[in-house]
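Input: a single structure, listed below in structure tokens.
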Amino acid sequence: MQNLMINGQEREVDVPDDMPLLWVLRDVLGLTGTKYGCGIAQCGVCTVHLDGQAVRSCVLPASAVASRKVTTIEAISEQPVGQAIQKAWLEHEVAQCGYCQSGQIMSAVALLQAHPHADDEQIVSAMSGNLCRCATYTRIRAAIKSVSQA
Amino acid sequence: MSDTQRSPAVLSRRGVLKGGALLSGLVISTFLPPAISRSFAAGTVKRAQLGDAAEKGYGAFVRVDHSGHVTVISPKIEMGQGIQTGIAMMVAEELEVPLSQVSIAEAPPNEQLYADPLLHSQLTGGSTSTRYAWEPLRKAGAGARIVLIEAAALRWQVAPSQCRALNGQVLGPDGQVAAYGDLVDAAAALPLPADIPLKPIAEFKLLGKPAQRLDTPHKVNGNAKYTIDLSVPDMLIASTITCPVHGGTLRGVSNEAVALGIPGVRDIVRLDNAVAVTASNFWACQQALKVLAIDWDLGPHVSLDSRQLDKSLFEASAGEGVFAHQSGDIAAALKNASSRLEAIYEQPFLSHSPLEPMTCVAHVHAGGCELWVGSQAPGIAQAGAAKICGLPVDKVVLHNQLIGGAFGRRLESDFIFQAVDIARHLSYPIKLIWSREEDMTHDCYRPQYVDRLNAALDEDLRPVGWEHRIAGASVVAAYLGSLPPDGVDFDVVEVAKDPVYSLASLQVRYIRHEPEVIPVSWWRGVGPLRGTFAVESFIDELAHNAKVDPMEYRLSLMQSQPRAQAVLRQAAELIGWDTPVPAGSGRGVAVSAVFGSFVATIVELEAQGKKGLRIKRLVSVIDCGFAHNPTSVASQLEGGTLFGLSAALFNEILIEHGQVQQTNFHQYRQIRMSDAPPVEVHVVSSEERPGGVGETGAVPAAAALVNALFAATGVRERRLPLSRFGYFTV
Numbered sequence: 001m002q003n004l005m006i007n008g009q010e011r012e013v014d015v016p017d018d019m020p021l022l023w024v025l026r027d028v029l030g031l032t033g034t035k036y037g038c039g040i041a042q043c044g045v046c047t048v049h050l051d052g053q054a055v056r057s058c059v060l061p062a063s064a065v066a067s068r069k070v071t072t073i074e075a076i077s078e079q080p081v082g083q084a085i086q087k088a089w090l091e092h093e094v095a096q097c098g099y100c101q102s103g104q105i106m107s108a109v110a111l112l113q114a115h116p117h118a119d120d121e122q123i124v125s126a127m128s129g130n131l132c133r134c135a136t137y138t139r140i141r142a143a144i145k146s147v148s149q150a
Numbered sequence: 151m152s153d154t155q156r157s158p159a160v161l162s163r164r165g166v167l168k169g170g171a172l173l174s175g176l177v178i179s180t181f182l183p184p185a186i187s188r189s190f191a192a193g194t195v196k197r198a199q200l201g202d203a204a205e206k207g208y209g210a211f212v213r214v215d216h217s218g219h220v221t222v223i224s225p226k227i228e229m230g231q232g233i234q235t236g237i238a239m240m241v242a243e244e245l246e247v248p249l250s251q252v253s254i255a256e257a258p259p260n261e262q263l264y265a266d267p268l269l270h271s272q273l274t275g276g277s278t279s280t281r282y283a284w285e286p287l288r289k290a291g292a293g294a295r296i297v298l299i300e301a302a303a304l305r306w307q308v309a310p311s312q313c314r315a316l317n318g319q320v321l322g323p324d325g326q327v328a329a330y331g332d333l334v335d336a337a338a339a340l341p342l343p344a345d346i347p348l349k350p351i352a353e354f355k356l357l358g359k360p361a362q363r364l365d366t367p368h369k370v371n372g373n374a375k376y377t378i379d380l381s382v383p384d385m386l387i388a389s390t391i392t393c394p395v396h397g398g399t400l401r402g403v404s405n406e407a408v409a410l411g412i413p414g415v416r417d418i419v420r421l422d423n424a425v426a427v428t429a430s431n432f433w434a435c436q437q438a439l440k441v442l443a444i445d446w447d448l449g450p451h452v453s454l455d456s457r458q459l460d461k462s463l464f465e466a467s468a469g470e471g472v473f474a475h476q477s478g479d480i481a482a483a484l485k486n487a488s489s490r491l492e493a494i495y496e497q498p499f500l501s502h503s504p505l506e507p508m509t510c511v512a513h514v515h516a517g518g519c520e521l522w523v524g525s526q527a528p529g530i531a532q533a534g535a536a537k538i539c540g541l542p543v544d545k546v547v548l549h550n551q552l553i554g555g556a557f558g559r560r561l562e563s564d565f566i567f568q569a570v571d572i573a574r575h576l577s578y579p580i581k582l583i584w585s586r587e588e589d590m591t592h593d594c595y596r597p598q599y600v601d602r603l604n605a606a607l608d609e610d611l612r613p614v615g616w617e618h619r620i621a622g623a624s625v626v627a628a629y630l631g632s633l634p635p636d637g638v639d640f641d642v643v644e645v646a647k648d649p650v651y652s653l654a655s656l657q658v659r660y661i662r663h664e665p666e667v668i669p670v671s672w673w674r675g676v677g678p679l680r681g682t683f684a685v686e687s688f689i690d691e692l693a694h695n696a697k698v699d700p701m702e703y704r705l706s707l708m709q710s711q712p713r714a715q716a717v718l719r720q721a722a723e724l725i726g727w728d729t730p731v732p733a734g735s736g737r738g739v740a741v742s743a744v745f746g747s748f749v750a751t752i753v754e755l756e757a758q759g760k761k762g763l764r765i766k767r768l769v770s771v772i773d774c775g776f777a778h779n780p781t782s783v784a785s786q787l788e789g790g791t792l793f794g795l796s797a798a799l800f801n802e803i804l805i806e807h808g809q810v811q812q813t814n815f816h817q818y819r820q821i822r823m824s825d826a827p828p829v830e831v832h833v834v835s836s837e838e839r840p841g842g843v844g845e846t847g848a849v850p851a852a853a854a855l856v857n858a859l860f861a862a863t864g865v866r867e868r869r870l871p872l873s874r875f876g877y878f879t880v
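Chains as they are written, first to last, in our numbering: chain A, 1 to 150; chain B, 151 to 880.
Here it is as structure tokens:
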């Protein structure tokens, strides 16, 4: 048994130590907003926050999470930056298929929480670990910039 | 372990029923008044029951319930292209309801009601959706409005012409107001008029104006449910390993006890060419698949490799093939030419690799088979599932789902058939999820092609005509089961047989050459994408050969193409084509006129060091006729441009020992934000008939890239991807 702090709630799970957080979230806790794309930290669709840092949950063993706070897309609107990013995503009509956008938003929020005035270079550097096969990068940049300048 | 017996050979890798529904040649009227009038009778049917109700022949496109809420039944699946919002806008415009009063339900498989006459089947693809929907869906909305008005007029004892519809209500001449919900029952009893006039463009309130997509709010908070996110009662997760060599089969499995001892693991199922494990979670499935000792019969294709495939295709490309097009006398033109120019272009196998891997929820039970899956070809999936289960087609219920990327991949049903084959051995529903490795190594690939062009030039080095030979696999034959009687793959020769340039003579030959066992399929941009790479590279070579500006050269050869000329000129203006670039930089252009739309794309790049490429600007202009949602059109153009560049820069699937070598994104790199600047797009305002946009944006990108590379460096690359020759982005 392991206790995880997920979206502000303590959740007790009975999973093997090496089971990645992604599958604990999706298949054990039913939080399906965090997606599976590659399983090897190449695509970023599984991005969540660990104590506010963007991490790839597909390669993060549940046991390594320990008592750190996990935030997923389902709870990101509880943070002002999260809400602002979600609003910007809609204003810029970023999403196409949308499958990667949970991960994109989690990366964007982590960036702006660390660097509220992130410039182009910081945006590119923080976001280039997140693939989008629909290639919505033009609008992702614009959406982040609109919040960053605010 | 509930069942490990070998299943009959129903699942050999190209599936049972490729395109069976297509072959039946169903061509139906796009407009279905009886179905629309019937839809009112179904006003009280709850949305949750829609699939069943529509199967019984109730709804076609539009349903209005007693609350006045409008459900549009979408014959087209949403996979990011924005089509369902577009269709909702078409209905809402004519029905006079705000978009907020409209929701979308997925159409069940039903060729009678939902076949797209442009594709002869209920498919989503080929940039046909808007072109297909433009009239029938607006008429569906308008027809509903007309009978609702008539119902109100009857109630008030006034003439229908004295009433009008506004915001989901009918307004009478003396201030009467009736909500649609109150009129539904009376309206459903009325006959639909034979003639349904449509609004002129000038009166549009919704269409043509940027609209918030109906699906995007759920995509920013994790609420959007894709197939991979679904759960049905008693469902377990399943995952498979399919024989790594295409054409191989399963001989046996051992070490099962260890696999079954992994917490959460339930069953091991042996298929003809794969092993499946079911468990409470995907991780346990993967751990179990890892510990199983699987004995494969690798089959007859174990020595197949890319060098051999390349060589045999290249040799075949010099052959005669079959004529796809002949105009003028190319033999005489080549003989009498002042000079000639010849070039050979090569394009690789490509994987689709949508970020949502192939996934299907399947339940085979005593009463039939139920599927929950995002499919671009639900009718084909349903019929194939029925065949595997030995059931009548109507015993297979398919609930189509939101798709997390497809790019053509989900026109294939192989993974659905695999899910059904697993589920029929089990008493519980499964959600089959392919690992990324399975997804990439068992894709149905965009074929490799060789294009040979040979132009006859006049004294001014302008083409009198050219000969174009195309060699490659036939996706049409793979999908339909055979080629048309003339032996020409009509998709592969697109653009080649119908270039935007005026040529006095043109000869196009198709040389079919199949890559043994490697499965091939449709890939975003389809035939026009591959054809445009060859033709737009070639015309650029001709322009440089003539020492004429490539923009000017193109414009001078396409005088019968005013819309193509216009997008070229606008793109030139946007990027400042006439302003010089620094040494080591260059601009490349390409143009296309396909899917009823016109696109010009310009790439500006700077060469850094020997092989470094810094893409500085990307400009793309589209004239897709009337743009029903300009935001969606711009998005498709931005994304499509980068999608095309991604493949041209980085992607090729290679085969060694009969196995696909690229297994995940570390070996099959996709374009990232750091690889390219924002795409600057312009959507031409037009009242022409709507053209396609989903496939279109990707089409000119590769040629614009190699043309820019030539302009910057003087090096002409005729084979994709550029990474093959050591190029990288900086």
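Virtual Cβ for every residue (Gly too), placed ideally from N, Cα, C.
Minimum Cβ-Cβ distance from residue i to chain A less than 8 Å
i	result
B:GLN809	no
B:ASP379	yes
B:LEU505	yes
B:LEU792	yes
B:VAL843	no
B:GLY372	yes
B:THR274	no
Whole-number beta carbon distance between residue j and residue i, since they are thought to touch under 8 Å
i	j	result
B:GLN234	B:LEU364	7 Å
B:ALA798	B:PRO871	6 Å
B:ILE480	B:GLY615	5 Å
A:ALA62	A:ASP27	Going by Cβ atoms, the distance from A:ALA62 to A:ASP27 rounds to 12 Å, so no, they are not a contact pair.
A:GLY103	A:CYS46	6 Å
B:GLU243	B:LYS349	7 Å
B:ALA854	B:GLY738	5 Å
B:SER224	B:ALA265	So it is not a contact: roughly 14 Å between Cβ atoms.
A:ALA84	A:VAL147	5 Å
Residue i versus residue j - alpha carbon distance
i	j	result
B:SER563	B:LYS545	18 Å
A:ASP120	B:ASP773	31 Å
B:GLN497	B:VAL600	7 Å
B:LYS647	B:GLN476	8 Å
B:SER467	B:LEU263	43 Å
B:GLU830	B:LEU768	6 Å
B:ALA493	B:LEU692	10 Å
B:CYS313	B:LEU298	10 Å
B:PRO597	B:SER624	8 Å
B:HIS801	B:GLN820	Correcting the residue type first, residue 801 of chain B is Asn in the shown sequence and not His. When rounded, the distance between both Cα atoms is 8 Å.
Residues that residue i contacts on chain B, provided the C-beta gap is smaller than 8 Å
i	result
A:ALA84	Those within 8 Å of A:ALA84 in chain B number zero; the least Cβ separation is about 12 Å.
A:ARG133	SER503, PRO504, LEU505, GLY555, PHE557, PHE793, GLN820
Chain A residues whose Cβ lies nearer than 7 Å to that of residue i
i	result
B:PRO367	LEU90
B:GLY789	GLN96, CYS134, ALA135, THR136
Within chain B, the residues that residue i reaches when beta carbons sit closer than 7 Å
i	result
A:MET19	TRP433
A:CYS100	LEU505
A:VAL45	LEU505
Contact with chain B by residue i, beta-carbon distance below 8 Å
i	result
A:GLN42	yes
A:PRO68	Reading off the sequence shown, one finds Arg at residue 68 of chain A, where the question assumed Pro. Closer than 8 Å: no.
A:ASP119	no
A:MET127	yes
Partner residues on chain A for residue i, Cβ-Cβ distance less than 9 Å
i	result
B:PRO828	TYR137, THR138, ARG139, ARG141, ALA142
Proximal residues of chain A, C-beta to C-beta of residue i below 8 Å
i	result
B:MET229	CYS97
Under 9 Å by beta carbon: chain B residues contacting residue i
i	result
A:GLY33	ASN371, GLY372, ASN373, ALA374, ASP379
In chain order, what are the residue ranges of uninterrupted alpha helix (DSSP H) at least 4 long that sit wholly in the stretch 353-419 of chain B? If we require 4 residues or more, the alpha helix (DSSP H) runs fully inside the stretch 353-419 of chain B come out as 406-410.
If you scan the stretch 726-768 of chain B from start to end, which runs of the beta strand (DSSP E) of 3 or more residues do you find wholly inside it? With a minimum length of 3 residues, the continuous beta strand (DSSP E) runs that stay inside the stretch 726-768 of chain B are 735-744, 747-758.
With a floor of 3 residues, list each beta strand (DSSP E) that falls wholly inside the stretch 33-106 of chain A, ordered by position along the chain. Runs found: 47-50, 53-56, 69-71.
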